[in-house]
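Numbering (full-length UniProt numbering), first residue to last: 1 to 334. Even for Gly, the Cβ is constructed at its ideal location relative to N, Cα and C. Please read these numbers as outputs of a predicted model, since none were measured by experiment.
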């Protein structure tokens, strides 16, 4: 996120705000900014007396403000970081008075995760005026693969589109979790390396051949043998391949194929933009659309809904999720 980079860059240039309010659904950037401040704003010998970590559940606004109004000891500033500040949500508006006139020798940081302030209220307006108000928004699933590519590029690595998609499908949209896995890969691969599906399979444990990405591709190409092999693998490893995830991803996939059929402009650039997929995968969607006309896509979406309901125990007694997936594959590919 460019705004997060700008905040870090400003601090590096010596432009430090007395007040940072970091909020939003995505904790990754909140942690990155607050960790950077904790590690870089004070010299190591200054931190003992001038850096305080507080927790929202163990404190209140009055105590935070009281600490913030103190003067630093043998340093230009003190740093106070309030973690889990969302636990103060009921009383957070009491911060207005301090935010209107923050102590210039204190850098006060609030980590207000999974929530956002009401931007219509006074506190938000005052924070924008006298400090830094940052909202960390959660990425949509179709944005995460691009985030992985950009993150690795900044670290002098590259990653193949398939490998990026494998990580998204296996790890979800938790950027912190994804970043931990990327860090592990960086420890064992030299700079300039391309992260491949083989590297991910060897070091993270995601099969490059038996995963939802490959299943969707096999179904799209009507490769019945490959699709059944993958589903059989899922049936043998149900904990690592939950049916609910497979159904959800297949539903998204066929919804995109339906959307493709309705596009008047089927140029590669427009398809990538409208379906919100990497241009690398557009050819797969074009081929799938040829194999699945609109009427068949509608039928498949109905089958997916039916399997989802059965997977939750409605109308299917003593049938394993693996058997339900096998049955679903037969119906889709016929």
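Item: Close beta carbons around residue 138, own chain, < 6 Å, minus the five adjacent residues each side; Value: 25 and 26
Item: Beta strand (DSSP E) segment containing residue 113, residue limits; Value: 106-113
Item: Residue from 75, 220, 212 and 211 whose Cα sits closest to the Cα of residue 286; Value: 220
Item: Which listed residue (190, 21 and 254) has its alpha carbon closest to that of residue 290; Value: 254
Item: Sequence-distant residues of its chain with Cβ nearer than 7 Å to residue 329 (five each side left out); Value: 227, 228 and 231
Item: Nearest residue (CA-CA) to residue 239, options 170, 117 and 43; Value: 170
Item: Residue 311 beta carbon near the ligand SAH (any heavy atom closer than 7 Å); Value: Within the structure as shown, the ligand SAH is missing, as the structure has no ligands at all.
Item: Whether residue 107 touches residue 16 by CB criterion (8 Å); Value: yes
Item: Nearest candidate by alpha-carbon position, reference residue 281, set 40, 13 and 146; Value: 146
Item: Continuous beta strand (DSSP E) stretch holding residue 29: start and end; Value: Unbroken run through residue 29 is the alpha helix (DSSP H), 27-40; no beta strand (DSSP E).
Item: Straight-line gap, residue 158 to residue 268 (C-alpha atoms, nearest Å); Value: 23 Å
Item: Validate contact between the segment 108-116 and the segment 81-98 using beta carbons, cut 8 Å, 3 pairs; Value: yes
Item: The segment 72-79 contacting the segment 35-53, beta-carbon criterion three pairs below 8 Å; Value: yes
Item: For residue 24, three-class secondary structure by DSSP; Value: strand
Item: Residue 29 beta carbon less than 8 Å from that of residue 1; Value: yes
Item: When 206, 124 and 175 are compared against residue 23, the one with the closest alpha-carbon; Value: 124
Item: Where residue 51 falls: helix, strand or coil (DSSP); Value: strand
Item: Three-state secondary structure assigned by DSSP to residue 195; Value: strand
Item: Which of helix, strand or coil DSSP assigns to residue 189; Value: coil
Item: Where the alpha helix (DSSP H) through residue 337 begins and ends; Value: Because the chain here runs from 1 to 334, residue 337 falls outside it and cannot be looked at.
Item: Helix, strand or coil at residue 144 [DSSP, three-state]; Value: helix
Item: Cβ neighbours of residue 87 in the same chain (closer than 7 Å, five flanking residues each side left out); Value: 56 and 57
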